[in-house]
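Enquirer: These protein sequences, in sequence, are chains F and H. Residue 478 in my numbering is what sits at position 141 of the first sequence, and the numbering runs on without skipping anything. Residue 30 in my numbering is what sits at position 26 of the second sequence, and the numbering runs on without skipping anything. Cβ atoms here follow ideal geometry from the backbone N, Cα and C, with glycine treated the same way. The structure displayed is predicted, hence computed values, not measured ones. Questions regarding the structure given below will be posed in turn.
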Amino acid sequence: MRSDQRPQLIWDLPLRLWHWALVVCLAGSWITAEAGFDWTTTHFYFGYSALALVLFRLAWGLLGTFHSRYASFLTSPKRVLTYLRRPNGAKPSTGHNPLGGWASVAIVVLIGLQASSGLFISDDIFYAGPYNTVVSGSTADWLAGWHHQLFTLIQITVVAHVLAVSWYTWGRKEGLIQAMFHGKKVLKIRSTEETVNEHRGMRALLLLALAAAVVATLVYVAPLPEYDVY
Amino acid sequence: MIRSTMIFALLVSFASTSWADERTQKTIEARQGLLKVVAQYFGPIVGMAKGQIPYDAELIEKNAGKVAELAPMITDLFAQDTSASDYATEAKADIWADYDDFSAKAVTTTERANALVAATAEGRGATMKAFGALGSSCKSCHDSYRQKK
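See below:
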């Protein structure tokens, strides 16, 4: 690193807060799923929060700052392949690298599917997602299977993610992990377009409120189950 | 003669396996039906606990009583080991590997359903507490002996 290279802002504050909030939701939903009966309601709230965070991120991919936007990190399959062939020779990426960009979308989609499938399933005793009543019992069972399988896939993805960023941080000394805290990387900015000089905090708050409102409405308007009384 | 004996033996073996299959299938369907009936009586109490339908102590007393009558049938219908059958079931083979524990859990469910009947006389708080205990006894059996989806 040349001494005239100063840390540059890459990740806006909303993106970083979003990332760690998602970590909390994933850890929380895992713990509460294992903790049993009494924690199921808390598990639901972690799931609703994860769903709102996923919606926020999908919107932030269009409305966030440069490196948060799809346009900056979703590249052609050819570039991903080229990158995969010689990741060691590639120049450090400013934001997501060609593979990481797609990986980030994949994990957001996975978590979205996981949270959505939870809306339809039940434990067959007491707890049921708000939309359990709109699907048949066999569909709910099928989705419950997915809810369990997808979580294993998410665990694998998270392990791969942690290994990858550790390699970039300690192997290639690119400071990826630190960057997810303070938002900055020390590198030569290739074009003025890549410079991030704002956080768009107010816009992020509005979008997050909107995402939360969408999820809350979905839960609120869900049809109540009907019970047979003899 | 040898050929016709062989054909006869083959037919008998087919017939006997299909009789055995039918009996297994009937048993499994009866279990599934029983647990659906349990859920049918359990359901409205769930609805009350969640505030989806109005609290009705009398109905809880009645439905919990039905659950207490139905729960002992669980050990009747699960007595036959069907773990070798190919018929689709969520009953794990562990049920018969540890049938004493399985039966003990069914007895607990019966006791807790009866406790819920008694609790309805002591007000809403006690009733819901007893209902939670009944639900967790259902869950303890599902966790150990029901195939995870």
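Does Q515(F) come out as helix, strand or coil in the three-state DSSP assignment?
Expert: Residue state, collapsed to three classes: helix.
Enquirer: What are the residues in the region 73-106 of chain H lying within 7 Å of chain F by C-beta distance?
Expert: Per Cβ criterion, the list is empty.
Enquirer: Taking only beta-carbon positions, decide if L120(H) is within less than 8 Å of chain F.
Expert: With 8 Å as the cut-off, L120(H) does not count as an interface residue toward chain F.
Enquirer: Are the region 74-92 of chain H and the region 102-117 of chain H in contact at 8 Å, needing three or more beta carbon pairs?
Expert: Contact between the region 74-92 of chain H and the region 102-117 of chain H is present, because at least three Cβ pairs lie under 8 Å.
Enquirer: List the DSSP bridge partners of Q345(F).
Expert: According to DSSP, Q345(F) bridges with K522(F).
Enquirer: Tell me where the alpha helix (DSSP H) around P562(F) begins and ends.
Expert: Note, P562(F): premise wrong, no alpha helix (DSSP H); not H, not E.
Enquirer: Determine the DSSP secondary structure at T150(H), reduced to helix, strand or coil.
Expert: Note that residue 150(H) corresponds to Arg in the displayed sequence, not to Thr. R150(H): strand per DSSP, three-state reduction.
Enquirer: Let me know if Q451(F) comes out buried or exposed under the rule of 16 or more other beta-carbons within 10 Å of its beta-carbon.
Expert: With 16 or more other Cβ atoms within 10 Å, it is buried.
Enquirer: Could you check where the alpha helix (DSSP H) with E65(H) kicks off and where it finishes?
Expert: Counting along the chain, the alpha helix (DSSP H) containing E65(H) begins and ends at A61 to L74.
Enquirer: At 7 Å on the CB atoms, spell out the chain F contacts of V50(H), in chain order.
Expert: Within 7 Å Cβ-Cβ: F463.
Enquirer: Can you list, in chain order, the residues of its chain whose CB lies under 7 Å from that of I99(H), leaving out five sequence neighbours each side?
Expert: Answer for I99(H): F82, F106 and Y149, listed in chain order.
Enquirer: Among all the DSSP beta bridges, which residues are the ones paired with A465(F)?
Expert: Its beta-bridge partners are S459(F).
Enquirer: Is any beta-carbon of chain H found at less than 8 Å from that of G482(F)?
Expert: Answer yes: the Cβ-Cβ gap between G482(F) and chain H drops below 8 Å somewhere.
Enquirer: From the DSSP output, which residues share a beta bridge with A95(H)?
Expert: BP columns for A95(H) point to R150(H).
Enquirer: Spatial neighbours of T124(H) within its chain, please: CB distance less than 6 Å, with the 5 preceding and 5 following residues excluded, ordered by chain position.
Expert: Result list for T124(H): A61, I64, E65 and T131, in chain order.
Enquirer: When we look at the beta-carbon of P435(F) and count the other beta-carbons within 10 Å, is it buried (16 or more) or exposed?
Expert: Flag for P435(F) reads buried.
Enquirer: Kindly indicate if chain H contains any beta-carbon less than 8 Å away from that of F457(F).
Expert: No, F457(F) lies away from the interface with chain H (no Cβ there is under 8 Å from its Cβ).
Enquirer: Between which two residues does the alpha helix (DSSP H) carrying G398(F) extend?
Expert: Segment T377 to L400, the alpha helix (DSSP H) holding G398(F).
Enquirer: Rounded to whole angstroms, how far is the Cβ of F393(F) from the Cβ of E530(F), which I believe are closer than 8 Å?
Expert: Wrong, their Cβ atoms sit about 24 Å apart, outside the cutoff.
Enquirer: Just checking: is the beta-carbon of G47(H) within a distance shorter than 8 Å of some beta-carbon in chain F?
Expert: At least one chain F Cβ lies under 8 Å of G47(H).
Enquirer: For G127(H), return the contacting residues in chain F, with the cut-off set at a CB-CB distance below 9 Å.
Expert: Under the 9 Å cutoff, chain F gives no residues; its nearest Cβ is about 21 Å from G127(H).
Enquirer: List the endpoints of the continuous alpha helix (DSSP H) containing L352(F).
Expert: L350 to E371 is the extent of the alpha helix (DSSP H) around L352(F).
Enquirer: Residues of chain H with CB under 9 Å from H485(F), in chain order?
Expert: Result: K152 and K153.
Enquirer: Counting along the chain, where does the alpha helix (DSSP H) carrying T114(H) start and finish?
Expert: Element bounds for T114(H): Y103 to A123.
Enquirer: In this structure, does DSSP put L411(F) in helix, strand or coil?
Expert: L411(F): coil per DSSP, three-state reduction.
Enquirer: Name the residues in the region 30-43 of chain H whose C-beta lies less than 8 Å from a C-beta of chain F; which are they?
Expert: Hits within the stretch, in order: A43.
Enquirer: Could you please give the first and the last residue of the uninterrupted alpha helix (DSSP H) stretch that includes V499(F)?
Expert: Counting along the chain, the alpha helix (DSSP H) containing V499(F) begins and ends at G474 to S503.
Enquirer: Hey, does Y564(F) have any beta-carbon neighbour from chain H nearer than 8 Å?
Expert: It does: the Cβ of Y564(F) has a partner Cβ on chain H nearer than 8 Å.
Enquirer: Buried or exposed for L120(H), please, with buried defined as at least 16 other CB atoms from any protein chain shown within 10 angstroms of its CB.
Expert: Buried is the call here.
Enquirer: Indicate the three-state DSSP secondary structure (helix, strand or coil) for T9(H) in the structure shown.
Expert: Correct three-state label for T9(H): helix.
Enquirer: Please state whether DSSP places T419(F) in a helix, a strand or coil.
Expert: Residue state, collapsed to three classes: helix.
Enquirer: In chain order, what residues of the region 49-71 of chain H put their CB closer than 7 Å to some CB of chain F?
Expert: Listed by position along the chain: V50, G51, Q56, I57 and L63.
Enquirer: Return no unless some Cβ of chain F is closer than 8 Å to the Cβ of K133(H).
Expert: No, because no Cβ of chain F sits closer than 8 Å to the Cβ of K133(H).
Enquirer: Assuming A53(H) contacts A117(H) (C-beta within less than 8 Å), just tell me the rounded distance between them.
Expert: The pair is not a contact, with the Cβ atoms about 15 Å apart (cut-off 8 Å).
Enquirer: I'd like to check one pair, A477(F) with I458(F): are the Cβ atoms closer than 8 Å?
Expert: Yes, these two residues count as a Cβ contact at 8 Å.
Enquirer: With DSSP as the reference, label S453(F) as helix, strand or coil.
Expert: If DSSP states are grouped into helix, strand and coil, S453(F) belongs with the helices.
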